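According to our numbering, the sequence shown is numbered sequentially starting from 1.
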Amino acid sequence: MSQSASLYPITPAEFELLKQEANLDQLQGISFRAEVFEQNFEGLQYLLAKFFKGNDLEIINEIFSPTEFLGEEIDYTAIEFDEDFDEVEQPLFYVSPANVLAVNTLLQTVADDKFINLYDADELNANEVYPEIWHNDESDDQAFNKRHLSEGLRYLKQLFNEAAANGNYIFSFIE
Numbered sequence: 001m002s003q004s005a006s007l008y009p010i011t012p013a014e015f016e017l018l019k020q021e022a023n024l025d026q027l028q029g030i031s032f033r034a035e036v037f038e039q040n041f042e043g044l045q046y047l048l049a050k051f052f053k054g055n056d057l058e059i060i061n062e063i064f065s066p067t068e069f070l071g072e073e074i075d076y077t078a079i080e081f082d083e084d085f086d087e088v089e090q091p092l093f094y095v096s097p098a099n100v101l102a103v104n105t106l107l108q109t110v111a112d113d114k115f116i117n118l119y120d121a122d123e124l125n126a127n128e129v130y131p132e133i134w135h136n137d138e139s140d141d142q143a144f145n146k147r148h149l150s151e152g153l154r155y156l157k158q159l160f161n162e163a164a165a166n167g168n169y170i171f172s173f174i175e
C-alpha cells in the first residue's frame with residue numbers, strides 16, 4: 001500500500017458549502033482540482049524541514065499537517081478499532097487563505113537547485129522517510145529520487161501560488 005497526500009484547493013464560497021456537510025466525498029465533489037503527491041510528500045516534508053527553521057517551519061508544516069479542521073475531532077478512546085474504525089468520519093484539515101498566503105510566500109523563496117541539493121538518499125532512508133527506498137538513479141522511468149522531489153516541489157509551489165492569488169483554502173488529506 002502506498003501513501004499519498006491529496007491537496008484540494010477550494011474557494012471561500014465552496015468552503016461555506018463544505019461547512020454544512022464536512023466529509024471527504026463532499027470535498028472531492030466540490031473541489032475544482034486535486035494535486036496528489038504520490039509517495040513523495042514525506043520526502044518533500046523532510047527536505048522542507050531542512051530548508052526552514054523556527055516559525056517558518058511551523059508555517060511550512062501546515063502544507064501536509066494543517067491544524068485547522070472542519071468536522072468533529074476524533075475521540076480515539078471511544079472507538080472499537082476492530083469494528084468501528086472504518087466507519088469513523090475523519091475531520092477535514094485545511095490551510096486557511098491567510099496561511100495559504102504565508103506558505104506561498106515562503107515556498108516562493110525556495111530555489112529549486114538549493115532545495116534539491118539537500119537531497120541525500122542514504123539520509124532519507126536512514127531516517128525512515130517513506131517509502132524508504134530513495135536512490136540516486138535519475139532515469140526518467142524511476143521515482144524516489146531528486147527528480148521526483150523536484151517535480152513535487154514545482155507542483156506544490158504552483159498550487160499554493162494559484163491558491164494564494166485566488167484567496168482559496170487548501171484541504172490536505174493523507175491516505
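All residues carry an ideal CB built from backbone N, CA and C; glycine is no exception.
Since this is a predicted model, take the numbers as computed values, not measurements.
Nonlocal neighbours in the same chain, by C-beta distance under 7 Å from residue i, ignoring five residues either side
i           : result
residue 51  : 110, 115, 118
residue 103 : 59, 60, 62, 63, 95, 160
residue 57  : 49
residue 121 : 134, 135, 136
C-alpha distance - residue i paired with residue j, whole-angstrom precision
i           : j           : result
residue 9   : residue 34  : 7 Å
residue 178 : residue 12  : Lying before the first or after the last residue shown, residue 178 is absent from the chain, which here runs from 1 to 175.
residue 28  : residue 6   : 10 Å
residue 157 : residue 108 : 7 Å
residue 159 : residue 144 : 21 Å
residue 62  : residue 90  : 18 Å
residue 24  : residue 92  : 7 Å
residue 14  : residue 31  : 8 Å
residue 100 : residue 162 : 10 Å
residue 125 : residue 20  : 42 Å
residue 171 : residue 136 : 32 Å
residue 139 : residue 38  : 18 Å
residue 155 : residue 42  : 15 Å
residue 88  : residue 113 : Residue placement at residue 88 is poorly supported in this model, since its pLDDT is 48, which falls under 50; the coordinates still yield a value, given next. In a straight line, the C-alpha of residue 88 is about 42 Å away from that of residue 113.
residue 70  : residue 17  : 11 Å
Strand pairing of residue i, partner residues [DSSP]
i          : result
residue 6  : 36, 173
residue 58 : In the DSSP output, where bridge partners are listed per residue, residue 58 has none listed.
residue 69 : 93
Residue span of the alpha helix (DSSP H) that contains residue i, given as start and end
i           : result
residue 28  : 24-30
residue 152 : 146-166
residue 46  : 41-51
residue 112 : 112-116
residue 12  : 12-20
residue 121 : 121-126
Cβ-based neighbour list, residue i, same chain, cut-off 8 Å, excluding 5 preceding and 5 following
i           : result
residue 133 : 125, 144
Spatial neighbours of residue i in its chain, beta-carbon cut-off 6 Å, leaving aside the 5 residues before and after
i          : result
residue 36 : 4, 6
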